[in-house]
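Protein chains in written order, with our numbering: chain A, 1 to 308; chain B, 1 to 482; chain C, 1 to 307. Take a look at the structure set out below.
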Amino acid sequence: MSSIDAGASVRPEARNPVPDTPAVDNASSDDPSSKDSASAANPGAAGATGSSVFEVSDVSVYYSDFRAVTNVDLTINDNEITAFIGPSGCGKSTMLRTFNRMNDLIEGARMTGTLEYHGVDLYHEDVDPVAVRRRIGMVFQKPNPFPKSIYDNIAFGPRIAGTNENMDDIVERSLRGAGLWEEVKDRLKTSALGLSGGQQQRLCIARATAVNPDVLLMDEPCSALDPIATGRIEELMLEMKQDYTIVIVTHNMQQAARVSDRTAFFTAELDPNTDQRTGLLVEYDQTTTIFSQPADERTENYITGRFG
Amino acid sequence: MSPELEVELKRSAPAPGAMAIPSLSRRGWNAALEIALYCFITMLVAIVEFYAGGFPGPSNWLIGLVIYALWSLNAFRRSTTPSAAFVQLAVVDESNVAASFGRMVLRTVARGTVLYALPILVFANNQIVWIAMFAAAAASVAFMERGRAPWDLIAGTTMVESYGSEATESTGPLRLSDLRVDGLRQRQNQRAARMLQFAGWGAIIVSLLIVWVVASEAFTFITDDDFSWSLLNVEGDRRGWFPRRNFYDIPTLLVGTLWVTGIAMVIAGPVGLGAAIYLSEYAKPKVRRIVKPVIETLASVPSVVIGMFAIFFISPSVLTLFFDDIGSFSVLAAGIGVGILTIPLVASISEDALRAVPMELRQAAYGLGSRKITVALRVVFPAALSGISAAFIVGISRAIGETMVVAIAAGGSGGTLFELNPTEDGQTITAAMASLGAGTDQVAGSGIAFQSLYFLGAMLFLITLILNVFSDAIVRRFREAY
Amino acid sequence: MVAITTELRDQLRLRRSADTSGQIFRGLLMLALLVAFASLLAMILTALTRSWPILSDRPLDFLFSNTSQNPDEAGVFQGIKGSVMLAAISSLVAFPVGIGGAIYLEEYAGDSRFSRLVQVLVRNLAGVPSIVYGLLGLAIFVQNLGGITGGRSVISGGLTLACLVLPVVIITTQEAIRAVPSELRQAGYGIGATQWEVIRSVVLPSAAPGILTGTVLSVARAVGEAAPILVVGAVSGFFQTGTLSFLEQTQSFFTALPMQIFAFTKQPAQTWGAHAAGASVAILLVVVALNSVAIWMRARLDQKLRK
Chain A
1 MSSIDAGASV
11 RPEARNPVPD
21 TPAVDNASSD
31 DPSSKDSASA
41 ANPGAAGATG
51 SSVFEVSDVS
61 VYYSDFRAVT
71 NVDLTINDNE
81 ITAFIGPSGC
91 GKSTMLRTFN
101 RMNDLIEGAR
111 MTGTLEYHGV
121 DLYHEDVDPV
131 AVRRRIGMVF
141 QKPNPFPKSI
151 YDNIAFGPRI
161 AGTNENMDDI
171 VERSLRGAGL
181 WEEVKDRLKT
191 SALGLSGGQQ
201 QRLCIARATA
211 VNPDVLLMDE
221 PCSALDPIAT
231 GRIEELMLEM
241 KQDYTIVIVT
251 HNMQQAARVS
261 DRTAFFTAEL
271 DPNTDQRTGL
281 LVEYDQTTTI
291 FSQPADERTE
301 NYITGRFG
Chain B
1 MSPELEVELK
11 RSAPAPGAMA
21 IPSLSRRGWN
31 AALEIALYCF
41 ITMLVAIVEF
51 YAGGFPGPSN
61 WLIGLVIYAL
71 WSLNAFRRST
81 TPSAAFVQLA
91 VVDESNVAAS
101 FGRMVLRTVA
111 RGTVLYALPI
121 LVFANNQIVW
131 IAMFAAAAAS
141 VAFMERGRAP
151 WDLIAGTTMV
161 ESYGSEATES
171 TGPLRLSDLR
181 VDGLRQRQNQ
191 RAARMLQFAG
201 WGAIIVSLLI
211 VWVVASEAFT
221 FITDDDFSWS
231 LLNVEGDRRG
241 WFPRRNFYDI
251 PTLLVGTLWV
261 TGIAMVIAGP
271 VGLGAAIYLS
281 EYAKPKVRRI
291 VKPVIETLAS
301 VPSVVIGMFA
311 IFFISPSVLT
321 LFFDDIGSFS
331 VLAAGIGVGI
341 LTIPLVASIS
351 EDALRAVPME
361 LRQAAYGLGS
371 RKITVALRVV
381 FPAALSGISA
391 AFIVGISRAI
401 GETMVVAIAA
411 GGSGGTLFEL
421 NPTEDGQTIT
431 AAMASLGAGT
441 DQVAGSGIAF
451 QSLYFLGAML
461 FLITLILNVF
471 SDAIVRRFRE
481 AY
Chain C
1 MVAITTELRD
11 QLRLRRSADT
21 SGQIFRGLLM
31 LALLVAFASL
41 LAMILTALTR
51 SWPILSDRPL
61 DFLFSNTSQN
71 PDEAGVFQGI
81 KGSVMLAAIS
91 SLVAFPVGIG
101 GAIYLEEYAG
111 DSRFSRLVQV
121 LVRNLAGVPS
131 IVYGLLGLAI
141 FVQNLGGITG
151 GRSVISGGLT
161 LACLVLPVVI
171 ITTQEAIRAV
181 PSELRQAGYG
191 IGATQWEVIR
201 SVVLPSAAPG
211 ILTGTVLSVA
221 RAVGEAAPIL
231 VVGAVSGFFQ
241 TGTLSFLEQT
251 QSFFTALPMQ
261 IFAFTKQPAQ
271 TWGAHAAGAS
281 VAILLVVVAL
291 NSVAIWMRAR
301 LDQKLRK
């Protein structure tokens, strides 16, 4: 623990607690003084308009001895798209996977700090990660449909969780929601592996929404797709914003700028105590602010392409 | 919790109120599990009865039914049966409410009557009738409307995919209890983990039993009153392996084993390695698709068939061309047979090793203007050398352990004299064990001749274990290389 | 310029024609392959020609007659029946335990000391000679548990063969499970499936062809193995059959097809050689059929993965 405290002492901005009221006037980040790195305090306290879904305070994630993410504070708002951007190895995917406890599946992974979902501590010992993942769905980097029919892919989640709705209705609703229904309605019983990459990824989105989740986590959902398929997914995300809270990790800054309401910029820096690179949250704000008037110099360098 | 957080959440909780009719395969699994469970219980009862002096008969099927019913009581409280709970099925009554305890009892009695009791009571011991009744019951489950079986009709129930708490579409603040999985799924998950761990112990138990049995019985052999170490190395002109006369000359068997293994590797080594190099470096994919299955077929030819081949073909048609006075049984013929048996093993492990050599290495060599033979012999072969040596060691271990070819083709079944000439009769460690095992009809007897079987087993076990550990170490090293 | 070009061309041709060592090497390799093929072919031909007196005269009678002292009446039906029962018992025991154990090792055990120990044990068990399993069966199933198994019975033989194929089943199942991409598991967990649901609905269906291939091959092995059941005490001669009930039969003397081949080869070859060869033809047919099924299933698996 001593190394954590010592490591944190060089980044005082990450130690600040979340303010009691997340509603902070956006204009505050226009303050010229916030250009100064040291005063970019409370990066997690970016102005919230809606109600919060996740309250992240002082979260660090470790893989065995390696500290992947250090002291993150942020608030994710309801029915918004939040983008995590940053260079490779900055821990943004790791951070995303803490939201539905996917990191539990990795041996040696553990988390410190608190992560509240609608006010409930997600890492409370009574919380079952399986139940969490049913409410907080996930779409992965590479389209990963099951080697089953399109229908069975969608029906997988509702079947295991149990539902009193007609399965055909669920399948149609989910596929319509993912804009895939018209393309596949005549071949629902054929293998999902016969779809194109973009269609497969939309199928995965439909599969994730079939259990009627509250939040969708997307881990670089377009990185394996061509620009046209990427465009379709981005449109889809903007439509789905009405019903879901979406958190997306992306390498593509234009994508973050196009779709997201809020952007969190992560970076990886050398921890002088352990000589290891660790990820930290630099800045979190309205996307327009991040891309037009970033408060932190590191953010600006990254966005303008001057990043080391 | 701050008031803002009390938002309207999409709280479509797992909704286990679903009453979907289970799929055919789900019901089929349930039925199969039920029968398996029932047979298992009955077997336990049969074992108990056996020790009590009785003989398995219709009565223990009835006792099994009672035990099954007792087992079911716990499941009934959750409107399911032991087997149905495993495939996550539950039973509801006709108004789609979880079936009451009474209905479950009625259903199970009906089921037991239809499935087991009737045919047993009426037709006692006729297996055909059982099979027919099971088939009829299965067919009724498969084809009747809503997947109802006769016992469901009797009890007025139906199998459904899940049941439980009411479906919740309520709104309001999220509670901690909303983030828990329903009990049925959780229990199922835990039960699966426990059962699988139990299976994992199976491998450990078998390993420990082998070591314990072989070691303890071999110890009995060497501590027997009739035993002395000099029996293991009989000097003089009557030197040989004659367990009936208490001559346990180990060198006799070692010579035989060495000959067989040596001859086998002289054949399997070059042939297996050559085939492997051809397959990995020269063969076109089309050729590979044909050749690989043929080699695999050779691998699965039972060793008794090779033994037959050795005495009907190798000895009379091949060896007589080279040796005038060779008999139909000889160590040489056995060695050649074991060699043929070992070819596919050496070939497939060597080929894996050769194919594991990265393509870049080959391309680099070709890029320098090397010929195919240079690439194969100077680049790929050295890179795969450790894997190939592992293949040879595994081949040797297999050849040492091979029994039936030698037992059939090497002759000397009753015992054999010390003999250095491979064109004569001989025995290996394994063949000596086979003839002891086959010839000693009073196996349960505690004669020292019989115990020598375990002594040989312990020797064999140690030799092959050392070879296997050795080859494993080599393979691990070669895996780390890439 | 012209001179240089021809010289270059000659050099290129020279390289091509001078590769005699390469040709010889290639020829040697093909010879190796040919030896393997020829021995298989010779084996099949030997079995067919030696058994021709029986195959041409009374093929069905041979398959469906019981053992007899009269060579003209003797058949292998009891052996076939014994082999089927052995295969059934060993599959019933080894498949659930083996597949379950493999799932546990791959999905639950992680990299614990326990799993590493089991891993090492399984690897070494797979290399233990089959006759040593016979000793295990003899000591445990015949002698210690003789009261239950009936001593030298088909149950003892089947359980012994189950121990024999157990490591093979575990290793092939583990390989099949390892080949399932981890993305599929993640997809399952991401939807909110429990570990068992992911295994049952995602991992096992994807690994099924590989697992089936392994199990089919292990059945082929169990059918062909003679050494362990020889030690456990398969009867090579003649025994009573007929009026016993099924349960009683499982506890009584038994024989098996490979055991009968062994017994036939120990008789004078003039009169019984054809029986040995005929039984070999029968067992080869079974084993080749099982093998073909396994190869076909693997081909289907490859196709599926490529798609």
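Backbone N, C-alpha and C define an ideal beta-carbon position, used for all residues, glycine too. Remember, predicted model here, so these are calculated numbers, not experimental data.
Chain C contact residues for residue i, given Cβ-Cβ distances below 9 Å
| i | result |
| --- | --- |
| A/Asn77 | Correct list: empty, because the minimum Cβ distance to chain C is about 22 Å. |
| A/Ala161 | Ile191, Gly192, Ala193 |
Residue i: contacting residues in chain A (beta-carbon distance under 7 Å)
| i | result |
| --- | --- |
| C/Val202 | Phe146 |
| B/Leu179 | Val120, Val127, Asp128, Ala131, Val132 |
Close Cβ partners of residue i (< 7 Å) along its chain, the five nearest in sequence each way excluded
| i | result |
| --- | --- |
| B/Phe221 | Phe227, Ile448, Gln451, Ser452, Tyr454, Phe455 |
| B/Ala69 | Thr108 |
| B/Ser370 | none |
| B/Ala268 | Gly339, Thr342, Ile343, Val346, Gly395 |
| A/Leu74 | Gly44, Val56, Ala264, Leu281, Tyr284 |
| C/Glu106 | Gln174, Ile177, Arg178 |
| B/Arg187 | none |
| B/Ala431 | Thr403, Val406, Ala407, Ala410 |
Same chain, Cβ closer than 8 Å to residue i, neighbours up to 5 away in sequence not counted
| i | result |
| --- | --- |
| A/Ala178 | Arg202, Leu203, Ile205, Ala206, Thr209, Leu236 |
| B/Ala310 | Ala333, Ala334, Ile336, Gly337, Val405, Ile408, Ala409 |
| B/Leu298 | Ile340, Ile343, Pro344 |
Cβ-based burial, residue i [other Cβ within 10 Å; buried from 16]
| i | result |
| --- | --- |
| C/Asp72 | exposed |
| A/Thr190 | exposed |
| C/Phe262 | buried |
| A/Glu125 | exposed |
| A/Asn153 | buried |
| A/Ser64 | exposed |
| B/Ser72 | buried |
| B/Ser2 | Confidence at B/Ser2 is low in this model, with a pLDDT of 37, below 50, so the placement of that residue should be treated as unreliable; the coordinate-derived value is given next. It is exposed - the Cβ of B/Ser2 has fewer than 16 other Cβ atoms within 10 Å. |
| B/Ser25 | exposed |
| A/Glu220 | buried |
Closer than 8 Å at the beta carbon, the chain C residues around residue i
| i | result |
| --- | --- |
| A/Lys142 | Glu183 |
Chain-ordered chain C contacts of residue i [CB-CB under 7 Å]
| i | result |
| --- | --- |
| B/Phe312 | Thr46, Arg50, Gly273, Ala277 |
| B/Val291 | Leu33 |
| A/Leu105 | Tyr189 |
Closer than 9 Å at the beta carbon, the chain A residues around residue i
| i | result |
| --- | --- |
| C/Gly210 | Residues of chain A passing the Cβ test: none, with the nearest at roughly 13 Å. |
| C/Glu106 | Near C/Glu106 there are no residues of chain A at all, since even the closest Cβ is about 13 Å away, more than 9 Å. |
Contacts of residue i in chain B (Cβ-Cβ under 7 Å)
| i | result |
| --- | --- |
| A/His251 | Within chain B, no residue comes near A/His251; the closest Cβ sits about 28 Å away, beyond 7 Å. |
| C/Val101 | The identity of residue 101 of chain C in the sequence shown is Gly, whereas the question assumes Val. The answer, in chain order, is Ala199, Gly200, Gly202, Ala203. |
| C/Thr265 | Gly307, Met308, Ile311, Ile408 |
Per-residue contacts from residue i into chain B (C-beta, under 9 Å)
| i | result |
| --- | --- |
| C/Gly190 | The premise fails here: C/Gly190 is roughly 15 Å from chain B at the closest Cβ pair, so nothing lies under 9 Å. |
| C/Arg26 | Tyr278, Tyr282, Lys372, Ile373 |
Close Cβ partners of residue i (< 6 Å) along its chain, the five nearest in sequence each way excluded
| i | result |
| --- | --- |
| C/Gly158 | Leu86, Ile89, Ser90 |
In chain order, which continuous runs of the alpha helix (DSSP H) of length 4 or greater are located wholly inside the region 199 to 229 of chain C? 204 to 224
Report the residue ranges of all alpha helix (DSSP H) runs contained in full by the region 36 to 112 of chain A; include only those spanning at least 4 residues, in chain order. 92 to 98
Touch check for the region 253 to 266 of chain B and the region 348 to 360 of chain B: three-plus C-beta pairs under 8 Å? no
Between the region 255 to 269 of chain C and the region 213 to 229 of chain C, do at least 3 Cβ pairs fall closer than 8 Å? yes
Determine, using beta-carbon pairs with one atom in the region 289 to 303 of chain B and one in the region 382 to 392 of chain B, whether at least three such pairs fall under 8 Å. no
Can you give, in chain order, each stretch of the alpha helix (DSSP H) that sits fully within the region 108 to 147 of chain C and has at least 4 residues? 113 to 127, 130 to 137
How about the region 260 to 269 of chain A and the region 284 to 291 of chain A: do they share at least three Cβ pairs that are nearer than 8 Å? yes
Contained alpha helix (DSSP H) runs [length at least 4] in the region 117 to 155 of chain A, N- to C-terminal order: 129 to 135
For the 8 Å Cβ check, are there 3 or more pairs between the region 188 to 197 of chain C and the region 126 to 134 of chain A? yes
Counting pairs of Cβ atoms below 8 Å between the region 287 to 296 of chain A and the region 89 to 107 of chain A, do you hit three or more? no
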